[in-house]
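Protein sequence lines, in the order shown, are assigned to chains A and B.
Once you know that position 46 of the first sequence is 46 in the working numbering, the rest is easy, because the numbers rise by one and skip nothing.
Once you know that position 306 of the second sequence is 306 in the working numbering, the rest is easy, because the numbers rise by one and skip nothing.
Even for Gly, the Cβ is constructed at its ideal location relative to N, Cα and C.
Keep in mind that this is a model prediction, so the values were computed, not measured.
There are 2 protein chains.
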Amino acid sequence: MKRNVIIAQGGGPTAVINQSLVGAVLEARGYDSVDRVYGALHGIRGLVDEDFVDLTRETHGNLERVAATPSSALGSTRDKPDADYCKAMFKTLAAHNAGTFLYIGGNDSSDTVRIVAEEAKAAGYDLTAVHIPKTVDNDLMENDHTPGYGSAARFVTQAFTGLNLDNRALKGVYIAVLMGRHAGFLTAASSLARKHEDDGPHVICLPERDFDMDGVLARIKETHDRIGRCIVAVSEGIHDRSGEPIAASLMQSVERDAHGNISLSGTGALGDLLAQEVKAKLGIGRVRADTFGYMQRAFAGAVSDVDAREARDVGEVAARAAIRDGRTASVTIERIGNYAVQYDLVPLEKIAAKTRVMPDPYIAADGLDVTRDFLDYARPLIGSAVPEAARLFENNPVEKQLSR
Amino acid sequence: MKRNVIIAQGGGPTAVINQSLVGAVLEARGYDSVDRVYGALHGIRGLVDEDFVDLTRETHGNLERVAATPSSALGSTRDKPDADYCKAMFKTLAAHNAGTFLYIGGNDSSDTVRIVAEEAKAAGYDLTAVHIPKTVDNDLMENDHTPGYGSAARFVTQAFTGLNLDNRALKGVYIAVLMGRHAGFLTAASSLARKHEDDGPHVICLPERDFDMDGVLARIKETHDRIGRCIVAVSEGIHDRSGEPIAASLMQSVERDAHGNISLSGTGALGDLLAQEVKAKLGIGRVRADTFGYMQRAFAGAVSDVDAREARDVGEVAARAAIRDGRTASVTIERIGNYAVQYDLVPLEKIAAKTRVMPDPYIAADGLDVTRDFLDYARPLIGSAVPEAARLFENNPVEKQLSR
């Protein structure tokens, strides 16, 4: 008997999450055992609310256009299912004859798939469930990297390429706050913008290390004294020795999602605090702070071609694993050679609700920079034809005629 | 006797300001009457400090690469010259046999050219001075638009294309603060990202109108009630009825440049204030605010091809006017047809230190949106091949099987 496939998207959008959607939909539509491919709106919320669109009716052309469009075309959610939530889902799945559930998301979404798969087993509901990886944070276990990261890292690289030159033109201290709650991969990507010896970022503050204001101020002062300017890239998740995020201490009220995550984005408070500290403690006049915010995960037009094709692939691999092989698992990306990848499947428990952070060899000994290992790791992920900065030749100064 | 040409860049960088530099340099290098073309570092500051690089020695290839690189390759300044400052400049100019001064900048930089030209005349120094327009604010008098605006507007358009879909996926209220002290052109460009009926921005707050918090909140509530989300684009320069910028009232200390401008960028305070108001007064849970900051003027890789070619042209026109025709003036852009431009020269006094704001026909009657006239005006400026958002077809909902 033919059964239907349900696909949905969870967590924060990325620039290539629709590539995975389309990879899965096109693969799923090709099986005789599949009747319809439904998209659930706003993640698992759509499964409870019975809110589906029929992706079997989409044209190839429109699917390709959607694949090239950032953010989650089906909408998203941060809901976390419990037993009752799952019971309601299975009622919907049964009413729509669904035997396959594909969920595109990060570590919280993989936990959702794990819960749904376990509850289905307990309830005796025949369901194959596969998690398709995505996250700009690049913090999934068992993966060399995750779809969405390469494009966000490319955006950060392109932004810092310009910001470095903006700061070089007008001098002073520039602080940028980037996404990354526990993992500093995206903040670290700012280093890919460096070309000349004195290019920024000159200081990189990662959540993998305790934030030490005095150490950071000393590094800013040293850099500013030396070249008259300094660029600082800071993860939103930087925290003190107790583990308390600096950003959270600035909030009037802390906002948590169903998975227990504190919302750190969508405010400029952390950047403003750091700028005030630099002004007050170092007496530097021109200090500016920006918070990259939601642009970095959903910008239209800074997509990594490598990221896009891998995002497409993991969607296809997931649909094949579920529909042809009946596997309940998570799709992973393994790096082979320099640079190539292959895909694999791992048990959901190995990914679910776990967080990978930057390995020590990627972080400089002083904790305020990345290493060449990180650059080698990240460079291929941001794709081809990355805009490059050029300078005027520096060996053509005009001899001074006046003595001042 | 051959004399030298000095070129410099003032004010805030743009993504195409080096196109103007290279247009002027290549043109200037072609004249028999010109010996050397020097670049002054950090604007007029370099003329006082005798800090020059010899642009006659640059290769064509490197100049083209620099032209395609954002931000001011020669560095910039916000210095405003007085009589003594000019006296020091003329000493340097004389020592380096300079007869032509080309300055790329906005309204403050055009005022600098006016001052320098007048002081040169008073001091009997033989100098031809031409102002080359640039500003992401698009606020120069006598110009249909200014180089730098098209690329910044393109960045804003691409950002909002993604942000609109990000907000559509996760709902709630999203507030973005954009550059624009007195003129709302750049904030208004967010409207170019709209494609579908319900696309944001849904509210646009411009400095051309007094900011009315209650009116804005009412519009946000109406939009959020209707579609479950709302995107607000806000100029950093919004002000109350007294003309006091809301952002300035949030600052611990107000920072002014030599031209008397308050620094409004480089802080997230305005966005955070607005987000707090929306949370407190409307009781909406998910409210996020981003401040676009310096990315919007110097991002590497979102350049408008139209903007780039016009920036190149005005540099060339300026060098020709100064060197061949001995004109002291400002270069302007006039729109002819739909869409083409031609260039002209106007007296510096017509541009210097003056500000053009958005004309009334570009602003909706309620003051919270732009008109079709604005869209028609701005659309050609952001160039070709702007990334476009696609949606899944909306006429394929799956019939509900359960009655809840």
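R335(B) (DSSP reduced to helix, strand or coil):
The residue labelled residue 335(B) in the question sits at position 335 within the second sequence. Reduced to three states, the DSSP call for R335(B) is strand.
Short of 8 Å in beta carbon distance, which residues of its chain neighbour E64(B), apart from the five on each side in sequence? Order them along the chain.
The sequence position of residue 64(B) within the second sequence is 64, counting from 1. Excluding sequence neighbours, E64(B) sits near V22.
Chain A partners of T161(B), CB-CB under 7 Å?
For this step, residue 161(B) is matched to residue 161 along the second sequence. Under the 7 Å cutoff, chain A gives A300.
Starting from the beta carbon of H96(A), find every residue of chain B whose beta carbon is closer than 8 Å, and list them in chain order.
Start at 1 with the first residue of the first sequence, and residue 96(A) comes out as number 96. In chain order: V398 and Q401.
Any idea if A385(A) is buried or exposed, counting beta-carbon neighbours within 10 angstroms, 16 or more meaning buried?
Along the first sequence, one-based indexing puts residue 385(A) at 385. Exposed is the call here.
Using a Cβ cut-off of 7 Å, pull out every chain A residue sitting near Y38(B), in sequence order please.
Taking the second sequence and counting its residues from 1, one reaches residue 38(B) at position 38. Neighbours of Y38(B) on chain A, chain order: V398.
Does the beta-carbon of I220(A) have 16 or more other beta-carbons within 10 angstroms, so that it is buried, or is it exposed?
The residue labelled residue 220(A) in the question sits at position 220 within the first sequence. Classification for I220(A): buried.
Cβ distance (whole Å) where S304(A) is taken to contact S151(A) below 8 Å:
Counting from 1 along the first sequence, the entry for residue 304(A) is found at position 304. Counting from 1 along the first sequence, the entry for residue 151(A) is found at position 151. Contact flag correct, Cβ pair sits at about 5 Å.
Beta-carbon separation of V5(B) and A98(B) under 8 Å?
Numbered from its first residue, the second sequence carries residue 5(B) at position 5. Numbered from its first residue, the second sequence carries residue 98(B) at position 98. Contact flag set, yes.
Could you give the distance in angstroms between the alpha-carbon of G337(A) and the alpha-carbon of L165(B)?
Along the first sequence, read from residue 1 onward, the residue named residue 337(A) stands at position 337. Along the second sequence, read from residue 1 onward, the residue named residue 165(B) stands at position 165. Straight-line measurement puts the Cα of L165(B) at about 36 Å from the Cα of G337(A).
A41(B) by DSSP, collapsed to three states: which one?
Translated into the one-based positions of the second sequence, residue 41(B) becomes position 41. Note on residue identity: the sequence assigns Leu, not Ala, to residue 41(B). Reduced to three states, the DSSP call for L41(B) is coil.
Classify R324(B) as helix, strand or coil using the three-state DSSP reduction.
In the second sequence, counting from the first residue as 1, residue 324(B) sits at position 324. Note: R324(B) maps to coil in three-state DSSP.
Would you identify the three-state DSSP class for T100(A), choosing helix, strand or coil?
Here residue 100(A) refers to the residue found at position 100 of the first sequence. Looking at T100(A) - three-state DSSP - the assignment turns out to be strand.
Is there at least one Cβ from chain A nearer than 8 Å to N62(B)'s Cβ?
The residue labelled residue 62(B) in the question sits at position 62 within the second sequence. So yes, N62(B) belongs to the interface.
Just to confirm the assignment, what range does the alpha helix (DSSP H) spanning A302(B) have?
As a position in the second sequence, residue 302(B) is number 302, starting the count at 1. A302(B) -> no alpha helix (DSSP H), and no H or E assigned at all.
Kindly list the residues whose CB is nearer than 6 Å to the CB of T291(B), restricted to its own chain and excluding five residues on each side of it in sequence; keep chain order.
By 1-based counting over the second sequence, the position of residue 291(B) is 291. The beta carbon of T291(B) sits closer than 6 Å to those of V177, G268 and G271, all from its chain and outside the five residues before and after it, given in chain order.
By a C-beta neighbour count over all protein chains shown, 10 Å radius and 16 as the cutoff for buried, is P347(A) buried or exposed?
Walking along the first sequence from the start, residue 347(A) turns up at place 347. Classification of P347(A): exposed, given that the 10 Å Cβ count is below 16.
Quick check: the segment 197-208 of chain A against the segment 307-325 of chain A, are at least 3 beta-carbon pairs closer than 8 Å?
no
List the residues of chain D that M89(A) touches, going by C-beta distances under 8 Å, in chain order.
Looking for chain D here will not work: the only protein chains present are A and B.
Grouping DSSP H, G and I as helix and E and B as strand, with all else coil, what is G150(A)?
Position 150 of the first sequence holds residue 150(A). In this structure, G150(A) counts as helix in the three-state DSSP scheme.
Cutoff 8 Å: F52(B) Cβ touching any chain A Cβ
As a position in the second sequence, residue 52(B) is number 52, starting the count at 1. Yes, F52(B) counts as interfacial toward chain A.
Spatially closest choice to D35(B) from T100(B), K80(B) and R45(B), by CA coordinates:
The residue you call residue 35(B) lines up with position 35 of the second sequence. Comparing Cα-Cα distances from D35(B) to each of T100(B), K80(B) and R45(B), the minimum goes to T100(B).
Who are the Cβ neighbours of P380(A) in its own chain at under 7 Å, not counting the five residues just before and after it?
The count along the first sequence starts at 1 and reaches residue 380(A) at position 380. Here the set comprises V306 and Y339.
Less than 8 Å between the beta carbons of I115(A) and D79(A), yes or no?
In the first sequence, the residue the question calls residue 115(A) occupies position 115. In the first sequence, the residue the question calls residue 79(A) occupies position 79. No.
Within 10 Å of its beta-carbon, does Q401(B) have 16 or more other beta-carbons around it, so buried, or fewer, so exposed?
The residue given as residue 401(B) occupies position 401 in the second sequence. Exposed.
List the residues of chain B that Q342(A) touches, going by C-beta distances under 8 Å, in chain order.
Sequence index remark: in the first sequence, residue 342(A) carries index 342 (1-based). What Q342(A) touches in chain B: nothing, since even the nearest Cβ is about 30 Å away.
Could you tell me whether any Cβ in chain B is nearer than 8 Å to the Cβ of Q19(A)?
Counting from one through the first sequence, the residue named residue 19(A) turns up at place 19. No, no contact with chain B.
Beta carbon of I7(A) nearer than 8 Å to that of A311(A)
As a first step, residue 7(A) is located in the first sequence; it is residue number 7 there, counting from the start. As a first step, residue 311(A) is located in the first sequence; it is residue number 311 there, counting from the start. Against a cut-off of 8 Å, the Cβ pair of A311(A) and I7(A) comes out as no contact.
Against chain B, does D144(A) count as a neighbour if the rule is that its beta carbon must be under 8 Å from one of theirs?
Sequence index remark: in the first sequence, residue 144(A) carries index 144 (1-based). It does not: the Cβ of D144(A) has no partner Cβ on chain B nearer than 8 Å.
Between the CA atoms of A153(B) and K134(B) - distance to the nearest angstrom
Counting from 1 along the second sequence, the entry for residue 134(B) is found at position 134. Counting from 1 along the second sequence, the entry for residue 153(B) is found at position 153. Straight-line Cα distance between these residues: approximately 13 Å.
For V136(A) and R297(A), I'd like the C-alpha separation in whole angstroms.
Numbered from 1 along the first sequence, position 136 holds the residue referred to as residue 136(A). Numbered from 1 along the first sequence, position 297 holds the residue referred to as residue 297(A). If I take the Cα positions, the gap works out to 6 Å.
Can you list the residues of chain A that R421(B) reaches, using a CB-CB cut of under 8 Å?
The displayed coordinates of chain B run from 1 to 404. Any statement about residue 421(B) would go beyond what the structure contains.
Residue range of the alpha helix (DSSP H) that D214(B) falls in?
The count along the second sequence starts at 1 and reaches residue 214(B) at position 214. Run containing D214(B): M213 to I227, per the alpha helix (DSSP H) assignment.
Can you find a C-beta in chain B that's less than 8 Å from the C-beta of S151(A)?
By 1-based counting over the first sequence, the position of residue 151(A) is 151. It does not; no Cβ of chain B falls within 8 Å.
Using the C-alpha atoms, what's the distance from L375(A) back to A24(B)?
Here the question's residue 24(B) lines up with position 24 in the second sequence. Here the question's residue 375(A) lines up with position 375 in the first sequence. About 38 Å.
Per DSSP, what are the beta-bridge partners of I363(A) in this structure?
As a first step, residue 363(A) must be located in the first sequence, where it is residue number 363. Paired residue(s): V370(A).
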